[in-house]
Amino acid sequence: MLTQDALTGKHALVCGASQGIGQACAIELAKAGARVTVLARNKQSLESTLANLAQYGSGHKAVICDLSDMRQLSSILPTTCADVDILVCNSGGPAPGPMTAAEAPALEAAFTQHVLSNVALIQACSVHMKKQKYGRVINIISTSVKVPLPNLGVSNTVRAAMASSAKTFANELGAFGITVNNILPGFTKTQRLEQIIQNNQAKTGNERSEVEDGFMKDVPAKRFGEAQETAFAVLFLASPFASYINGVNLPVDGGRTGCL
Ligand SMILES: NC(=O)c1ccc[n+]([C@@H]2O[C@H](COP(=O)([O-])OP(=O)(O)OC[C@H]3O[C@@H](n4cnc5c(N)ncnc54)[C@H](OP(=O)(O)O)[C@@H]3O)[C@@H](O)[C@H]2O)c1
Numbered sequence: 006m007l008t009q010d011a012l013t014g015k016h017a018l019v020c021g022a023s024q025g026i027g028q029a030c031a032i033e034l035a036k037a038g039a040r041v042t043v044l045a046r047n048k049q050s051l052e053s054t055l056a057n058l059a060q061y062g063s064g065h066k067a068v069i070c071d072l073s074d075m076r077q078l079s080s081i082l083p084t085t086c087a088d089v090d091i092l093v094c095n096s097g098g099p100a101p102g103p104m105t106a107a108e109a110p111a112l113e114a115a116f117t118q119h120v121l122s123n124v125a126l127i128q129a130c131s132v133h134m135k136k137q138k139y140g141r142v143i144n145i146i147s148t149s150v151k152v153p154l155p156n157l158g159v160s161n162t163v164r165a166a167m168a169s170s171a172k173t174f175a176n177e178l179g180a181f182g183i184t185v186n187n188i189l190p191g192f193t194k195t196q197r198l199e200q201i202i203q204n205n206q207a208k209t210g211n212e213r214s215e216v217e218d219g220f221m222k223d224v225p226a227k228r229f230g231e232a233q234e235t236a237f238a239v240l241f242l243a244s245p246f247a248s249y250i251n252g253v254n255l256p257v258d259g260g261r262t263g264c265l
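Residue 58 in the numbering used here sits at position 53 of the sequence shown; the count goes up by one each step and never skips.
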């Protein structure tokens, strides 16, 4: 069990933290003593996340930023990343659809949001991390980097690029006490999964229970995950206890991914 103060004195920047997996990560990191900056687009939901975090220490902050807009991101990087020890790169997944119908603007937008913005965040945060000889970068991606998922053509394409970029960062930053790892969530109970279930229902005309059973049939755990279960893995990777784990893709998927 991680000690309650494992991250005391550390500053964590958690992107996409106004709901779902990102919000769960922000809460677990704050519980472990970190000062947390939460980033997302929606002011109201960020404020409510911040109010929730207040019960776990002080100094937490919110930054409003759209990670699909590189100009907006560039303007907040210098102040937001100046003293970040733990960076969680995360945001909302691209729209579903087959690769044969994927259009260039959708691919470009997803590449900006899921690769270019993460790269800019890691580059900016690594300056302080190098000085501290401590840094943790955790990217929330998808199991599609191991086995591409059906009807998620755009996502499959950009997630693989991010996974490869993270491995490259891991190689370059490892000597500075910095680790860069990817978490690959499986079916996790958030608004994103809700959207995917509803899209599938609309497409197939199936009952909700049929859709859920179909999704769960390949999950050895026979249930969907909780956002907190993904956050526990992030918490471990963010801690000093994970100092020799670098450059890995870690599925948190109840065993669903059908390869090692
Ligand atoms: N849940 C699953 O079953 C599952 C499975 C595999 C992979 N994943 C991936 O894991 C990641 C997190 O998933 P989730 O289920 O937690 O998603 P979610 O419930 O949709 O939450 C996404 C978060 O990212 C923020 N966000 C979205 N677009 C953004 C942007 N352009 N700039 C800044 N923030 C943005 C959202 O807040 P605002 O709207 O306020 O910006 C929200 O806080 C996604 O990439 C998703 O595809 C999820």
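C-beta: ideal position from N, C-alpha, C; glycine also. What you are looking at is a predicted structure, and each value in this text was computed from that prediction instead of being measured.
A straight line joining the alpha-carbon of I146 with that of M167 spans about 8 Å.
Ranked by Cα distance from C86, the first of P225, L189 and L44 is L44.
Contact check between the region 185-195 and the region 155-162: fewer than three CB pairs, one atom from each, fall below 8 Å, which does not count as touching. Taking the Cα positions, L92 is about 20 Å away from T8.
In the structure shown, the three-state DSSP call for A207 is helix.
For I32, the uninterrupted alpha helix (DSSP H) run begins and ends at G25 to K36, by DSSP. Fully contained in the region 156-192 are the following alpha helix (DSSP H) runs of length 4 or more, in chain order: 158-178. Counted as a single uninterrupted DSSP element, the stretch harbouring G219 is not any beta strand (DSSP E) but the alpha helix (DSSP H) occupying residues R213 to M221.
About 4 Å separates the beta carbons of A232 and A29, which is inside the 8 Å limit, making them a contact pair.
For R261, no alpha helix (DSSP H) run applies, since DSSP gives it neither H nor E.
Counting along the chain, no beta strand (DSSP E) covers I250, and no H or E run does either. Judged by the Cβ position, D10 fails to qualify as a neighbour of ligand 1 at the 7 Å threshold, every heavy atom of the ligand being at least this far. In the DSSP assignment, N123 falls within the unbroken alpha helix (DSSP H) covering S122 to Q137. Only exposed fits R76, as fewer than 16 other CB atoms lie within 10 angstroms of its CB. Less than 8 Å separates the beta-carbon of A17 from that of A243.
Going by C-alpha positions, A59 is about 33 Å away from F174. With a cutoff of 8 Å on beta-carbon distance, K151 and N251 are scored as not near each other. In the three-state scheme derived from DSSP, where H, G and I count as helix and E and B as strand, R46 is classed as coil. Around the Cβ of Q118, a 10 Å sphere holds 16 or more other Cβ atoms; the residue is buried. Within the same chain, Cβ atoms closer than 8 Å to the Cβ of S79 are found at A125, the five residues on either side in sequence being excluded. Taking the Cα positions, L112 is about 19 Å away from R197.
Between the alpha carbons of V159 and E199 lies a gap of roughly 19 Å.
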